[in-house]
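Everything on this sheet refers to the single structure shown next.
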Amino acid sequence: MTQYIHDVWTTDQGLPANTVQALLQTQDGYLWVGTEEGIVRFDGVRFVEFDAARTPGIEDDFVYAFLEDRSRNLWIGTQGGLTRYSNGEFRTYGIRDGLPSESVRSLFEDSEGTLWMGTQAGGLTRFRDGKFWTYAAAHGFPDGLVRTIIEDHLGQLWVGIRGGGLCRLSDNQLLVFGKEDGLPSNDIFSLCEDRAGVLWIGTMGQGLVEYKDGTFKTYSTADGLGGDAVTDISEDRDGNLWIATYGGGLCRFRNGMIDAFAVRGDTADNVVTSICEDREGGLWFGAKAGGLNRFRDGKFTAFSPAEGLSHGMVYAVCESRDGSLWIGTQGGGVNRLKDGRFTRVTTKDGLSSDTINALHEDRTGALWVGTAGKGLDRLKDGKITHHSTGGGPASDWVLSICEDSSGCLWIATYEGLHRFEKGQFRTYTTRDGLPTMSILSLCMGRDGSLWLGSLGGLTRFRDGQFHTYTTADGLCSNSILKVWEDREGTLWIGSHGGGISRLRQGVFTSYTVSAGLHDRSAFQFEEDSAGNLWVGCNRGIYTVSRKALDDFADKKTRSIACIAYDRADGMVRSECNAGSPGSCRTQDGRLWFATAGALLAIDPGRIQRNQIVPPVHIEQVIVDQKPVSVSQNPVLSDGRTGFEFHYTALSMLVPGRVRFRYRLVGFDRDWVDAGVRRVAYYTNLAPGNYTFEVTASNDDGIWNGAGASLTFYLKPRFYQTYPFYALCALTIALGAVGVHLLRVRQAEARERELVIRVDHAMAKVQVLSGLLPICASCKKIRDDKGYWTQIENYIHEHSHAEFSHGICPDCMGKLYPEFSPRATAHDAPAETETS
850 MTQYIHDVWT TDQGLPANTV QALLQTQDGY LWVGTEEGIV RFDGVRFVEF
900 DAARTPGIED DFVYAFLEDR SRNLWIGTQG GLTRYSNGEF RTYGIRDGLP
950 SESVRSLFED SEGTLWMGTQ AGGLTRFRDG KFWTYAAAHG FPDGLVRTII
1000 EDHLGQLWVG IRGGGLCRLS DNQLLVFGKE DGLPSNDIFS LCEDRAGVLW
1050 IGTMGQGLVE YKDGTFKTYS TADGLGGDAV TDISEDRDGN LWIATYGGGL
1100 CRFRNGMIDA FAVRGDTADN VVTSICEDRE GGLWFGAKAG GLNRFRDGKF
1150 TAFSPAEGLS HGMVYAVCES RDGSLWIGTQ GGGVNRLKDG RFTRVTTKDG
1200 LSSDTINALH EDRTGALWVG TAGKGLDRLK DGKITHHSTG GGPASDWVLS
1250 ICEDSSGCLW IATYEGLHRF EKGQFRTYTT RDGLPTMSIL SLCMGRDGSL
1300 WLGSLGGLTR FRDGQFHTYT TADGLCSNSI LKVWEDREGT LWIGSHGGGI
1350 SRLRQGVFTS YTVSAGLHDR SAFQFEEDSA GNLWVGCNRG IYTVSRKALD
1400 DFADKKTRSI ACIAYDRADG MVRSECNAGS PGSCRTQDGR LWFATAGALL
1450 AIDPGRIQRN QIVPPVHIEQ VIVDQKPVSV SQNPVLSDGR TGFEFHYTAL
1500 SMLVPGRVRF RYRLVGFDRD WVDAGVRRVA YYTNLAPGNY TFEVTASNDD
1550 GIWNGAGASL TFYLKPRFYQ TYPFYALCAL TIALGAVGVH LLRVRQAEAR
1600 ERELVIRVDH AMAKVQVLSG LLPICASCKK IRDDKGYWTQ IENYIHEHSH
1650 AEFSHGICPD CMGKLYPEFS PRATAHDAPA ETETS
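For the sequence shown, my numbering gives the first residue as 850, with consecutive numbering after it.
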C-alpha cells in the first residue's frame, strides 16, 4: 500500500475544513466533499464552497451524506435537513415538510427510484412522490439511528442500525439480525455487497464481518485490521475491499490478506470517515482531521525506505545473473532486492564505505563496489575484499566501472582512469592523452573500444591511444555525464546542459531542448523492447521513439516529441542520479532507475494510458466583473467591455496536466491553445452573436471532441444600431443638402452684391466719361495732374467697362477740320464733378 501515490488536500490547499465526512463523484465528473463547514465541489484543482451563510437554500453546513439519484439530482443529508441540489439551485426539506428529524445521517436510492434515509429520530424514512413516510418502532423497526442503507443484487434492502443490529427489508417483510444470530455487535455503521454477492458489515468496535451463506465471520485487529471500528466499506474496480476505520486508518482486504495504511501519526488523522472511487480509478477517502486524501496507481513503482530500502538516495543499480538486483545508495550501503525483499551490506559487514557510486558484476559473479573515497570493494560468496589505487581519496573516489573482453576492470575516478588486472592498478592521466583527470562515465563498446565521458568531451581509447571528440566535432557539449551503447551499436552521449548526442557511423547528431528534448541534461539511458529510448534527467524521466530520433537525424523532421514522467507518475522525487550504472534493464523487460528518492521500476509494456475522456464544463461567465447566468443562452446588455469565461475539465488523475483549447466563434479564426489555464479573457467585443467553445485533454492527451459551448448575444448600444446608422445617414444627407443650399444662397448673394457694385461703379464711370476732358488722339487732359489716369487704371482693373475718349479741339481741328467747332468753343471751360 505504501507504493500507491498518496495525495492530500487540507485547509492549506483551500479545503474549508479538515474534517471530511462524506464523498461522492457525480455523473458530471465533479467530486463533492461534505465537511463540518459546508458543501464543497472539487474539480481536481479548485474548491468551490456552498454554505448556509452565502448560498440560498442551504440551512445547515454540517454534512453527513451524499446521494445522486437517477435524475441527476444531488441529495445532501445535513444536520439541518435534507437538501436537494438541482439545476444550480438548492432546496432544503425539514420537519415542516414531513421529515421526522432535521438531522439526516444516511441516504440511498433503490432500484425503483425510491429515496431512503436514516434520521436522528430513528426509523427508516422513505421519500416518494414528494412525501415522507417512516418505518418506526410501531411497524416493528428496531430503535436506533440508521447509519447505512444498501440494496443487494436480489433487490433486498439492508439497513445497519446503531444499537439495533442488521435489518433486511424484502417485499415489505422485515427481518432483524442481532448478536443472538451470530453478529459480534448490534452497532452497525457500514454495509457493502461485493461483486460475488457477499455482504460485508462494519461494526463499531467488533471489526469487519463477512456474511456469506447464512454465516457471519469476523475479522479484527488480530487479523491485521487497523481498527475494530469500521466506518465505511467500498469495493474497487479490481475487487479490492477497502475498509475505513475509526483510529486505525485505511485498510485493504485482498486475497484474504489485510493491509493497513496509517494516514498520519495522529490518531485523529487516522479516523477515516468515508471512501469513494472515482471514474478513473482513484480511491478517495476523508479523515476526521486529515482532510481529503486519495490513493492512485502510478505508472511507475517506487521502492523507498518504506518498502525496506536502506536509503532513498540511490546512485547505482545493476542486475545479477540470478535475476536479483544490486542497489548502491548514499549512506545505506549495498542493497539486494530478491523475491520482493531487501537485504543489505554495509560497513558493519565489512564494506569500506556506505556511500556507493558504482557497481559491476563481473563474469565470475563477483560484485565490484565503487565507493566514495574508499576505493574498490569486491563482494563474492559473502566475503568482502578491499582494493585501493594508492593515489589518495580522489583516486579512490570511484565513479564508474566496466569490464573488457579479457576480464580486466576499468575504473573511472577523479584522478584519472585505472586498469585493474590481477590485483594491480595501471593509471592513465592527462600525460597519456586524457583530456582531463576527472572521468565521469565509462562504456565498453562492442568493437572493443573503451569510451570515456568527462568534462573534456568524449574520449575513445583503442589500441593504446586516446582520441577526444568535442563540440568542434559536432558533440552537443564538452561536459559529458553518461556514455551508453544500444543494442544496435549506436553510442548515446548525455551531457550537462547541452542535451544528448548520437554517434552513428562516425557522425554526431545532437538533440537539444529547442528541438523538443525534455531537459538539457541526461544521466541515464535505457532501451525498451519496442526500441524506445528512456532518459533519466533532473526533471524526471522521459521517453522518445527511435523513429522520431532517426527522422530528426535524417532531417525529415525539425523536432522530436517526448513523453515526460515525474512525481505525478510515481516518482518520489523527480531527480535522477548519475551513478554507474544509474539504470538497467532486467531480463523481464523492466527498466530500473536510480533516483534521489527511491529505486524506480518501470514496466513499459504495462503502462496504461488514461482513456477516460474528461467532461468539460463552462462554470462561470463574468462580464464587467459581474457574473451572468450560464444555464441558458444569455442576452447581454449594451456597453459591455470585459468578458471572462471560466471553464474546467474533470480529469482527477493528474489534473495539473489537463490541457485546454478554446475559441470565440464570431471573433477567433482559430483555436487558442490555453495550456493549463482555465479562464479566457476578451475585451471590447462588437455587438452580435457569439459562441464560446472549449475542449480539453486528460493527462495522456485524450481529447474531448465535443467539449462545452455557450452561445450569447451582445446587444448593441443605440449608436451601434441600424436606426442610428439610418439617422446618421439622413442627418448627413440633410446636412449636405443644407450646405448646398446655403452655398447656393451665398453665391447668389455674392452675385447680387457684385452686380450692385458693378452697377454702381458703371454709374460712376458713365458720369466720369461725360466729364473727363480726355483727348482720344493726343490724350491731353486739361488740369490732369495724374488723377484721371489713376481712375482709368482702376476702372480697367475692376470692371469690364470700356473707357471712351473724346478728341480735344486742337486735334479735332487738325484731324477733322470739317468737324471742328468754333474756336471759341475750344476755350470754353470744362464742367467739374461735384460730390
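For each residue, glycine too, the CB sits at the ideal point set by N, CA and C.
Predicted model, so just to flag it, every value in this text is computed and none were measured.
Are the Cβ atoms of residue i and residue j separated by less than 8 Å?
{"i": "Cys1100", "j": "Leu1074", "result": "yes"}
{"i": "Val1332", "j": "Ser1290", "result": "yes"}
{"i": "His1160", "j": "Gln1179", "result": "yes"}
{"i": "Gly930", "j": "Glu951", "result": "yes"}
{"i": "Gly1131", "j": "Arg1143", "result": "yes"}
{"i": "Gln852", "j": "Glu1156", "result": "yes"}
{"i": "Leu1248", "j": "Ser1429", "result": "yes"}
{"i": "Gly1515", "j": "Gly1491", "result": "no"}
{"i": "Tyr1414", "j": "Leu1485", "result": "no"}
{"i": "Gln1436", "j": "Gly1172", "result": "yes"}
{"i": "Gly1240", "j": "Glu1264", "result": "yes"}
{"i": "Val995", "j": "Leu1024", "result": "no"}
Output the distance between the C-alpha atoms of residue i and residue j, rounded to the nearest integer angstrom.
{"i": "Cys1325", "j": "Gly1347", "result": "5 Å"}
{"i": "Gln1469", "j": "Thr1094", "result": "39 Å"}
{"i": "Gln1615", "j": "Glu1597", "result": "Note that Gln1615 scores 49 on pLDDT, short of 50, meaning its location in the model is unreliable; the coordinates nonetheless yield the value given after this. If you take the alpha carbons of Gln1615 and Glu1597, they lie about 26 Å apart."}
{"i": "Gln928", "j": "Phe1038", "result": "18 Å"}
{"i": "Glu1059", "j": "Val1047", "result": "7 Å"}
{"i": "Tyr984", "j": "Ile854", "result": "44 Å"}
{"i": "Ile1050", "j": "Glu961", "result": "24 Å"}
{"i": "Met1293", "j": "Gly1096", "result": "56 Å"}
{"i": "Gly878", "j": "Pro1284", "result": "60 Å"}
{"i": "Gly1014", "j": "Asn1553", "result": "48 Å"}
{"i": "Ile1390", "j": "Ala1261", "result": "25 Å"}
{"i": "Arg933", "j": "Ala902", "result": "17 Å"}
{"i": "Gly1584", "j": "Glu1600", "result": "24 Å"}
{"i": "Thr1080", "j": "Gln876", "result": "25 Å"}
{"i": "Gly906", "j": "Ala1151", "result": "47 Å"}
{"i": "Val953", "j": "Phe896", "result": "24 Å"}
{"i": "Asp1399", "j": "Trp1217", "result": "36 Å"}
{"i": "Lys1028", "j": "Asp1077", "result": "16 Å"}
{"i": "Arg1455", "j": "Ala1207", "result": "29 Å"}
{"i": "Lys1351", "j": "Arg1416", "result": "In the sequence on display, residue 1351 carries Arg and not Lys. Cα to Cα, Arg1351 sits roughly 28 Å from Arg1416."}
{"i": "Phe1494", "j": "Asn1482", "result": "14 Å"}
{"i": "Ala1650", "j": "Arg1606", "result": "With a pLDDT of only 49 at Ala1650, under the threshold of 50, the placement of this residue in the model should not be trusted; the figure read from the coordinates follows. Looking at the two C-alpha atoms, the distance is approximately 13 Å."}
{"i": "Tyr1688", "j": "Val1183", "result": "This structure gives no information on residue 1688, because the portion of the chain shown stretches from 850 to 1684."}
{"i": "Trp1637", "j": "Arg1594", "result": "Legend: pLDDT at Trp1637 = 45, less than 50; position of this residue unreliable, value from coordinates given subsequently. Going from the Cα of Trp1637 to the Cα of Arg1594 covers about 38 Å."}
Starting from residue i and walking both ways along the alpha helix (DSSP H), at which residues does that stretch end?
{"i": "Lys1396", "result": "1395-1402"}
How would you write the range of the beta strand (DSSP E) that residue i sits in, first residue to last?
{"i": "Glu1210", "result": "1205-1210"}
{"i": "Asp1230", "result": "Taken as a continuous stretch (DSSP letters only), Asp1230 belongs to no beta strand (DSSP E), as it is neither H nor E."}
{"i": "Met850", "result": "No beta strand (DSSP E) holds Met850; DSSP gives it neither H nor E."}
{"i": "Ala1557", "result": "1557-1563"}
{"i": "Ser1432", "result": "1432-1434"}
{"i": "Leu1440", "result": "1440-1443"}
{"i": "Arg1526", "result": "Looking at the DSSP string, Arg1526 is not in any beta strand (DSSP E), and its letter there is neither H nor E."}
{"i": "Glu840", "result": "A query on residue 840 cannot be resolved here, the shown segment of the chain reaching from 850 to 1684 and no further."}
{"i": "Gly967", "result": "964-968"}
{"i": "Pro1476", "result": "1475-1477"}
Under 6 Å Cβ to Cβ from residue i, same chain only, skipping five residues before and after it: list those, please.
{"i": "Thr1234", "result": "Arg1227"}
{"i": "Ser801", "result": "There is simply no residue 801 to check, as the chain begins at 850 and stops at 1684 in what is shown."}
{"i": "His1466", "result": "Thr1497, Ala1557"}
Apart from the five residues just before and just after residue i, which ones in its own chain have a Cβ nearer than 8 Å to its Cβ?
{"i": "Thr963", "result": "Arg975, Phe976, Arg977"}
{"i": "Gly1431", "result": "Tyr1164, Ala1165, Val1166, Lys1331, Phe1372, Gln1373, Gly1385, Cys1425, Phe1442, Ala1443"}
{"i": "Asn1089", "result": "Arg1101, Phe1102, Arg1103"}
{"i": "Gly1229", "result": "Contrary to the premise, residue 1229 reads as Lys rather than Gly in this sequence. So the qualifying residues of the chain are Thr1213, Gly1214, Ala1215, Leu1216."}
{"i": "Arg1193", "result": "Ser1159, Gly1181, Gly1182, Val1183, Asn1184, Arg1185"}
Are the C-beta of residue i and some C-beta of chain E separated by less than 8 Å?
{"i": "Asp1403", "result": "Protein chains in the displayed structure number just one, and chain E is not present."}
Cutting at 7 Å between CB atoms, please list the residues of its own chain near residue i, excluding the five before and the five after it.
{"i": "Asp1632", "result": "A caution first: Asp1632 carries a pLDDT of 49, below 50, which makes its placement in the model too unreliable to give a value."}
{"i": "Thr1204", "result": "Gln1179, Gly1180, Thr1220, Ala1221"}
- [ ] Count the C-beta pairs between the segment 1406-1415 and the segment 1357-1367 that are closer than 8 Å, then say yes if the count reaches three, no if not.
- [x] At 8 Å Cβ cutoff, the stretches touch.
Open item on the list: I want to know whether the segment 880-890 touches the segment 862-870 - three or more CB-CB distances under 8 Å.
Closed with: They touch, by the three-pair rule.
TODO: Count the CB pairs spanning the segment 1513-1530 and the segment 1473-1481 that are closer than 8 Å, and state whether there are at least three.
DONE: Because the criterion of three Cβ pairs below 8 Å is not met, the segment 1513-1530 and the segment 1473-1481 do not touch.
TODO: Would you check if there are 3 or more beta carbon pairs closer than 8 Å linking the segment 1502-1509 to the segment 1533-1551?
DONE: Yes: at least three Cβ pairs fall under 8 Å.
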